[in-house]
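K.L.:
In the working numbering, the protein residues as written are 25 to 280.
Here it is: the structure, laid out below.
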Ligand SMILES: Nc1ncnc2c1ncn2[C@@H]1O[C@H](COP(=O)(O)OP(=O)(O)O)[C@@H](O)[C@H]1O
Ligand SMILES: [Mg+2]
């Protein structure tokens, strides 16, 4: 199965070689280059350049973990003070709908646990985090899984489990925000995933009160702060209402 979103864009822009991918407001623009079969991120602002540098660092770390060569994925890169671009190879596969009921994505979310454990998790005090791991940033195909969009890459102390917790919580909250209600099935499946997460040596604050942890990090971190200025709605921990946050916290405390 191909990525439906990208295939639609290719179809709609049949005569264009360079197609703008409009996901949300940002300091860089993302294009699909039809002839090169690649994705290009480009910016001419200092904030955008900072993100492109992080993206590069994130991929370097992630590809090394998988024993893959960076040059096979990053096709070109140029970083100057106020201008930068990075071009990636297109990864074939499909993306799951991040706003679809969690129950529908449950199988893949569960199997992602093992992928996370193998390639991303570290039990060290200092660990690397993707920072924005939602289903929108994972490409699945039959034989592989691949994580994209490393603009919030960071190395942090005591952040064990951050990305997996963020992914599982987003899989509950994004559908909730989209449908404006929560289903019992989604919540019970979410708790199963959270139990799985608790088998890892995760920072207890993340495990017990994830919203609080995510919110304060997003509000404090410099790169997140830049993004918050232009697109607050991008971060589900900041836009989920208090009542639902408390409900999720209670569920976690009762069941885990
Ligand atoms: N290397 C890639 N292979 C396949 N699809 C990609 C790749 N890079 C980006 N995309 C597609 O472009 C979309 C936007 O890219 P992304 O890196 O997530 O930027 P952002 O979300 O910050 O705009 C992704 O959701 C995905 O559909
Ligand atoms: Mg993205």
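The C-beta atom is built at its ideal place from N, Cα and C for all residues, glycine as well.
Fair warning: this is a prediction, and the values are worked out from it, not measured in the lab.
Pick helix, strand or coil for residue 154, following the three-state DSSP scheme.
P.N.:
coil
K.L.:
Go ahead and pull the three-state DSSP assignment for residue 67.
P.N.:
strand
K.L.:
Output the boundary residues of the alpha helix (DSSP H) element that contains residue 240.
P.N.:
234-244
K.L.:
DSSP state of residue 144, grouped into three classes?
P.N.:
Coil, per DSSP.
K.L.:
Give me the residue from 214, 44, 244, 34 with the minimum Cα distance to residue 134.
P.N.:
214
K.L.:
Could you tell me the distance, in whole angstroms, from the CA atom of residue 239 to the CA atom of residue 39?
P.N.:
43 Å
K.L.:
Provide the residue span of the beta strand (DSSP E) that contains residue 260, from first to last.
P.N.:
Counting along the chain, residue 260 falls outside any beta strand (DSSP E), though it belongs to the alpha helix (DSSP H) covering 260-263.
K.L.:
Distance check for residue 102 and residue 116, CA to CA, integer angstroms please.
P.N.:
25 Å
K.L.:
Secondary structure at residue 118, three-state DSSP: helix, strand or coil?
P.N.:
strand
K.L.:
Report whether the distance from the Cβ of residue 54 to the nearest heavy atom of ligand 1 is below 8 Å.
P.N.:
yes
K.L.:
Compute the minimum distance between the beta carbon of residue 117 and the heavy atoms of ligand 1, and state whether it is under 8 Å.
P.N.:
yes
K.L.:
What's the C-alpha gap between residue 123 and residue 270?
P.N.:
Take the alpha-carbon of residue 123 and the one of residue 270: they are about 21 Å apart.
K.L.:
I need the DSSP call for residue 58, collapsed to helix, strand or coil.
P.N.:
coil
K.L.:
For residue 254, is the beta carbon positioned less than 8 Å from some heavy atom of ligand 2?
P.N.:
No, the beta carbon of residue 254 sits no closer than 8 Å to any heavy atom of ligand 2.
K.L.:
Closest to residue 193 by CA distance: which of 150, 233, 65 is it?
P.N.:
233
K.L.:
Closest by CA to residue 187, which one among 144, 223, 229?
P.N.:
144
K.L.:
Taking 8 Å as the cut-off, is the C-beta of residue 31 nearer than that to any heavy atom in ligand 1?
P.N.:
no
K.L.:
Look at the alpha carbon of residue 75 and the alpha carbon of residue 176, and state the distance between them as a whole number of angstroms.
P.N.:
7 Å
K.L.:
Assuming residue 268 and residue 206 are in contact, meaning their beta carbons sit under 8 Å apart, how far apart are those beta carbons, in whole angstroms?
P.N.:
The Cβ separation is near 7 Å, so the contact holds.
K.L.:
Assuming contact is defined by CB atoms lying nearer than 9 Å, are residue 262 and residue 249 in contact in what I supplied?
P.N.:
Taking a C-beta distance under 9 Å as the contact criterion, residue 262 and residue 249 do not qualify as a contact pair.
K.L.:
Buried or exposed: which applies to residue 25, given that a residue is buried once 16 or more other Cβ atoms fall within 10 Å of its Cβ?
P.N.:
Residue placement at residue 25 is flagged as unreliable, the pLDDT there being 43, under the threshold of 50; the coordinate-derived value follows with that caveat. Burial call: exposed.
K.L.:
Could you tell me which residues DSSP puts in a beta bridge with residue 181?
P.N.:
150
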